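K.L.:
First residue of the sequence shown: 63, per the working numbering; consecutive thereafter.
C-beta atoms are modelled at their ideal positions from N, C-alpha and C, and glycine is treated no differently.
Every value quoted in this text rests on a predicted model; they were computed, and no experiment measured them.
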Amino acid sequence: MELSRMMKAGILHKAGNIHCESIPVPEINSGEALVAIKAVGICGSDILRFSRGVSPYNFRVLGHECAGEVIEVGKNVTSVKVKDRVAIMPVISCGKCDFCRSGEYSLCDNFIRMGTRIDGCFAEYVKVSPGNLLKLPDNVDYESASILEPSAIALHSIKRAGVLPGDVVAVLGCGPIGLLIAQWVKILGARRVFAIDIAEEKLEIARKMGMTDCINAKNEDSVELVMRETRSRGVDLVFDSAGSKITFEQSMRMARKLGKVVIVGLVEEDVTLPQETVLAILRHELTIYGVYDTDTKPIPLNSWQTSLYFIEAQRLDVKSLITHRFKIEDIATVFKKIAGQREKFNKVIFVF
Ligand SMILES: [Zn+2]
Ligand SMILES: [Zn+2]
């Protein structure tokens with residue numbers, strides 16, 4: 063395919079300074095594919111990288127939640143062809159370290175992710191190794207496919223701790239990951255899900271997704287309410303998808319004895335716990351799980367593929383998460399708005 067060989071991309075110069083500029087289209091080698099991006103989501107972590115600059119990694123293009131069309135393949139590429147519709151799995155693992163050899167690719171000692179350590183997908187085109195591409199069925203559109211990455215992370219966080227049919231679950235933080243977790247635990251048999259946030263707009267989306275126990279923690283003491291609703295028992299499983307010191311602490315107090323707490327949201331500050339909460343962790347014999355990225359092990363079915371099946375079957379509602387769509391040309395204003403919290407956003411995507 064003939065390209066002008068220049069493309070638009072969002073270039074991060076330094077903290078707080080991102081602009082849409084014209085840069086050369088990446089050149090592929092014989093083992094790579096060139097993908098024309100059709101939809102790419104802005105992750106909360108992109109906003110953090112924007113706010114603090116990308117150092118220590120030397121790259122300029124953020125974006126790791128995307129889908130597009132293959133428009134060029136190197137001569138040794140056989141697994142994908144031109145015109146294939148694909149999602150990009152952004153993690154590039156070394157394949158050699160102990161964790162890669164045991165299938166834990168996201169824990170790779172030499173972990174690289176497109177858009178977080180090398181140039182990513184806030185661009186018209188991106189070069190990718192075919193092993194990082196997931197082919198899309200015809201009835202999954204690009205916008206939905208751009209939500210595959212957060213869907214896979216949400217599912218992975220549940221797999222870490224395990225959910226049982228009949229479990230009562232609390233999800234603190236109803237951003238995209240939290241709302242996906244809430245949906246997944248319901249699919250997997252949770253009896254009751256408390257969806258908690260301080261933004262009414264996000265709880266509104268939760269209600270639209272069928273969540274009936276929505277708590278606005280701005281107006282109510284969410285721990286007290288959850289304890290009251292569970293007759294002082296607490297919930298079986300708590301997910302902190304907000305990533306704040308407040309929700310971190312609340313998570314520990316909402317779990318029942320022998321309960322499980324999953325920390326998914328990136329905590330960007332020091333967390334100090336009151337002694338009472340620390341004692342609750344001990345006395346209630348809680349299990350705390352950390353979550354990073356997702357599983358891509360082929361067996362059992364990895365979280366990307368599972369997410370794709372559930373999106374295709376329309377059992378996972380990803381479209382309702384998207385509140386804003388923009389053009390890449392708008393990247394400077396969009397990032398400033400989101401970082402400055404001047405407007406309520408859930409999932410924001412760039413469409414091409
Ligand atoms: Zn992300
Ligand atoms: Zn590795």
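Applying the 10 Å Cβ sphere with the 16-neighbour rule, what's the burial state of GLY327?
P.N.:
Along the sequence shown, one-based indexing puts residue 327 at 265. GLY327 comes out buried.
K.L.:
Starting from ILE373, trace the alpha helix (DSSP H) both ways and give me its first and last residue.
P.N.:
Indexing the sequence shown from 1 puts residue 373 at position 311. Here the alpha helix (DSSP H) through ILE373 covers 365-374.
K.L.:
Thinking TYR204 and PRO88 are a contact (beta carbons under 8 angstroms), I'd like their distance in whole angstroms, please.
P.N.:
Reading the sequence shown from its first residue, position 142 is the one you call residue 204. Reading the sequence shown from its first residue, position 26 is the one you call residue 88. In fact, because the Cβ distance is near 20 angstroms, the residues do not count as touching under 8 angstroms.
K.L.:
Relative to the C-alpha of PHE414, which candidate in LEU335, VAL190, ASP302, ILE393 has its C-alpha closest?
P.N.:
Walking along the sequence shown from the start, residue 414 turns up at place 352. For PHE414, the nearest C-alpha among the options comes from ILE393.
K.L.:
Below 8 angstroms, can you find three or more Cβ-Cβ pairs linking the segment 167-180 to the segment 222-231?
P.N.:
No: fewer than three Cβ pairs fall under 8 angstroms.
K.L.:
With contact counted as at least three CB pairs below 8 angstroms, one residue from each stretch, are the segment 306-315 and the segment 261-275 in contact?
P.N.:
Counting Cβ pairs under 8 angstroms, fewer than three are found: no touch.
K.L.:
According to the neighbour-count rule (16 or more other Cβ atoms, all chains shown, within 10 Å of its Cβ), is VAL340 buried or exposed?
P.N.:
Residue mapping note: residue 340 aligns to position 278 of the sequence shown, counting from 1. Answer is exposed; the Cβ neighbour count stays below 16.
K.L.:
On the DSSP letters alone, give me the boundaries of the alpha helix (DSSP H) that ALA317 sits inside.
P.N.:
Taking the first residue of the sequence shown as 1, we reach residue 317 at position 255. ALA317 -> not in any alpha helix (DSSP H); beta strand (DSSP E) instead, spanning 317-325.
K.L.:
Can you list the alpha helix (DSSP H) stretches of 4 or more residues lying completely in the segment 69-125, in chain order?
P.N.:
106-114, all fully within the segment 69-125.
K.L.:
Kindly indicate the opening and closing residues of the beta strand (DSSP E) around ARG387.
P.N.:
By one-based count along the sequence shown, residue 387 stands at place 325. ARG387 -> beta strand (DSSP E) spans 384-388.
K.L.:
Considering only the beta carbon of each residue, do GLU266 and HIS126 sit closer than 8 angstroms?
P.N.:
Here residue 266 refers to the residue found at position 204 when the sequence shown is read from its first residue. Here residue 126 refers to the residue found at position 64 when the sequence shown is read from its first residue. No, Cβ-Cβ distance for GLU266 and HIS126 is not below 8 angstroms.
K.L.:
Just the Cα atoms here: how many angstroms apart are ALA223 and VAL153?
P.N.:
To locate residue 223, count along the sequence shown from 1; it is residue 161. To locate residue 153, count along the sequence shown from 1; it is residue 91. Each residue's alpha carbon lies about 22 angstroms from the other.
K.L.:
Examine ligand 2 and report whether any of its heavy atoms sits within less than 7 angstroms of the Cβ of CYS156.
P.N.:
Looking up residue 156 in the sequence shown gives position 94. Within the cutoff, so yes.
K.L.:
What is the DSSP secondary structure of ILE393, counted as helix, strand or coil?
P.N.:
Walking along the sequence shown from the start, residue 393 turns up at place 331. The answer is helix: DSSP assigns ILE393 an H, G or I state.
K.L.:
Can you tell me the Cα-Cα spacing of ARG122 and GLU83, whole angstroms?
P.N.:
Within the sequence shown, residue 122 is the residue found at index 60, counting from 1. Within the sequence shown, residue 83 is the residue found at index 21, counting from 1. Going by the C-alpha atoms only, they are around 11 angstroms apart.
K.L.:
Excluding sequence positions up to five away, which residues of its chain have a Cβ less than 7 angstroms from the Cβ of ILE285?
P.N.:
Along the sequence shown, read from residue 1 onward, the residue named residue 285 stands at position 223. Checking the displayed sequence, the identity of residue 285 turns out to be Val instead of Ile. Hits under 7 angstroms: GLN312, ARG315, MET316.
K.L.:
Under three-state DSSP, which class holds ALA279?
P.N.:
Position 217 of the sequence shown, counted from the start, is the residue given in the question as residue 279. Coil.
K.L.:
Pick from GLN403, LEU383, THR395, PHE372: whose alpha carbon is nearest that of ASN201?
P.N.:
The residue you call residue 201 lines up with position 139 of the sequence shown. Nearest of GLN403, LEU383, THR395, PHE372 to ASN201, Cα basis: PHE372.
K.L.:
For my contact list, LYS381 and SER208 are in at a C-beta cut-off of 8 angstroms; report their separation, rounded to the angstrom.
P.N.:
Here the question's residue 381 lines up with position 319 in the sequence shown. Here the question's residue 208 lines up with position 146 in the sequence shown. Going by Cβ atoms, the distance from LYS381 to SER208 rounds to 11 angstroms, so no, they are not a contact pair.
K.L.:
Excluding five sequence neighbours on each side, which residues of the same chain lie with their C-beta closer than 7 angstroms to the C-beta of LYS280?
P.N.:
Walking along the sequence shown from the start, residue 280 turns up at place 218. Hits under 7 angstroms: ILE260.
K.L.:
Thinking just about the alpha-carbon of each residue, which of THR356, ALA375, LEU320, ALA71 is nearest to the one in SER219?
P.N.:
Looking up residue 219 in the sequence shown gives position 157. Of the listed residues, the one whose Cα sits closest to SER219 is THR356.
K.L.:
Hey, quick one: how far does the alpha helix (DSSP H) through LEU265 stretch, first residue to last?
P.N.:
Translated into positions along the sequence shown, residue 265 becomes position 203. Looking at the DSSP string, the run of the alpha helix (DSSP H) that includes LEU265 is 262-270.
K.L.:
Where does GLY352 fall in DSSP's three states?
P.N.:
Taking the sequence shown and counting its residues from 1, one reaches residue 352 at position 290. If DSSP states are grouped into helix, strand and coil, GLY352 belongs with the strands.
K.L.:
Spatial neighbours of LYS359 within its chain, please: CB distance less than 6 angstroms, with the 5 preceding and 5 following residues excluded, ordered by chain position.
P.N.:
Position 297 of the sequence shown, counting from 1, holds the residue named residue 359. Within the same chain, LYS359 has close Cβ partners GLY165.
K.L.:
Could you give the first and the last residue of the continuous beta strand (DSSP E) run that contains CYS128?
P.N.:
By one-based count along the sequence shown, residue 128 stands at place 66. Looking at the DSSP string, the run of the beta strand (DSSP E) that includes CYS128 is 127-135.
K.L.:
In the DSSP assignment, what are the bridge partners of LEU299?
P.N.:
One-based indexing of the sequence shown puts residue 299 at position 237. Paired residue(s): VAL231, LYS322.
K.L.:
Between which two residues does the alpha helix (DSSP H) carrying VAL285 extend?
P.N.:
As a working note, residue 285 is residue 223 in the sequence shown. 284-291 is the span of the alpha helix (DSSP H), which, as asked, contains VAL285.
K.L.:
Please name the residue or residues paired with TYR187 in a DSSP beta bridge.
P.N.:
On the sequence shown, position 125 is the one that residue 187 refers to. The partner list for TYR187 (beta bridge, DSSP) reads ALA98.
K.L.:
Can ASP171 be considered in contact with ligand 2, in the sense that its beta carbon sits closer than 7 angstroms to one or more heavy atoms?
P.N.:
One-based indexing of the sequence shown puts residue 171 at position 109. Checking the Cβ of ASP171 against ligand 2 gives yes.
K.L.:
Sorry if obvious, but does the Cβ on SER213 come closer than 7 angstroms to a heavy atom of ligand 4?
P.N.:
This structure simply doesn't include ligand 4; it includes ligand 1 and ligand 2 instead.
K.L.:
Identify the continuous alpha helix (DSSP H) that holds ASP259 and give its terminal residues.
P.N.:
On the sequence shown, position 197 is the one that residue 259 refers to. Element bounds for ASP259: not the alpha helix (DSSP H) but the beta strand (DSSP E), 254-259.
K.L.:
Would you identify the three-state DSSP class for VAL247, choosing helix, strand or coil?
P.N.:
Here residue 247 refers to the residue found at position 185 of the sequence shown. Helix, per DSSP.
K.L.:
Which residues does DSSP pair with PHE412 in a beta bridge?
P.N.:
Taking the sequence shown and counting its residues from 1, one reaches residue 412 at position 350. Note: PHE412 sits in a beta bridge opposite VAL102, PHE388.
K.L.:
I need the DSSP call for VAL148, collapsed to helix, strand or coil.
P.N.:
Stepping through the sequence shown from its first residue, residue 148 is reached at position 86. It is a strand residue.
K.L.:
Nearest CA to the CA of LEU370: which residue from LEU74, LYS197, GLU282?
P.N.:
Taking the first residue of the sequence shown as 1, we reach residue 370 at position 308. Taking only the C-alpha atoms, the option nearest LEU370 is LYS197.
K.L.:
For ARG295, I'd like the list of residues in its chain whose CB is within less than 7 angstroms of its CB, leaving aside the five on either flank, ordered along the chain.
P.N.:
Here residue 295 refers to the residue found at position 233 when the sequence shown is read from its first residue. Once the five neighbours on either side are set aside, the close Cβ partners of ARG295 are ARG318.
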